[in-house]
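Peer 1: One structure, as structure tokens, below. Some questions next.
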Amino acid sequence: MRNDHVTLRSTAVFDLLAPQAPAVPVQVELRYDTRDPYAVVAAFRTGRAGWVEWVFARDLLADGLIAHAGEGDVTIRPAVDDPEVVAIELSSPSGHAVFEASAQELADFLDRTYDVVVPGNENLWVDVDDALTRLLPFDMG
């Protein structure tokens, strides 16, 4: 495990797509934190109410830049009609949203995460004792 914790942040604008309506730009903050080296956080600005965060695997983002990736709540894929664009689809019990984002911006962010934690070395950044402490109750008796 490494002790030199790093958090990367990048802002972007994703286009929220809706049927028969113009795309709506949404501010998004992408975050990568070495305390959870397998994950990426996408925080979507929801107006004055604040932010909605989605957490998904860094590998999912990488795979989705190349081909359709993901099952369930988050899928990422290159846009059918534009190789410079990536479609990000989010589903939850409260709704469904499709966003389009710049493939280059996402790839640049991903490359920055690889500069911090090389793919395949994520396990070196995980503090297993700390994770177990959070999962197990303090009073085992």
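Just remember that the numbering used here sits 503 ahead of the position in the sequence shown, which is counted from 1. Where a beta carbon is used, it is the ideal one built from N, C-alpha and C, also for glycine.
Kindly indicate which residue of Arg551, Gly553, Leu627 and Ala542 has the alpha-carbon position closest to the one of Leu563.
Peer 2: Ala542
Peer 1: So, with DSSP's three-state summary, where would you put Ala515?
Peer 2: strand
Peer 1: For the alpha helix (DSSP H) that contains Tyr617, what are its first and last residues?
Peer 2: Ala606 to Val619
Peer 1: Quick one: complete beta strand (DSSP E) runs, 3+ long, within the stretch 525-588?
Peer 2: Within the stretch 525-588, the complete beta strand (DSSP E) runs of at least 3 residues are 542-548, 554-560 and 577-581.
Peer 1: Taking buried to mean at least 16 other C-beta atoms within 10 Å of its own C-beta, is Pro540 buried or exposed?
Peer 2: Label assigned to Pro540: buried.
Peer 1: Within a Cβ cutoff of 6 Å, which residues of the same chain sit near Phe517, ignoring the five residues on either side of it in sequence?
Peer 2: Val529, Val531, Phe602 and Ala604
Peer 1: Would you mind sorting Tyr535 into buried or exposed? The rule is 16 or more other CB atoms within 10 Å of its CB.
Peer 2: buried
Peer 1: With DSSP run on the structure shown, which of helix, strand or coil describes Val629?
Peer 2: coil
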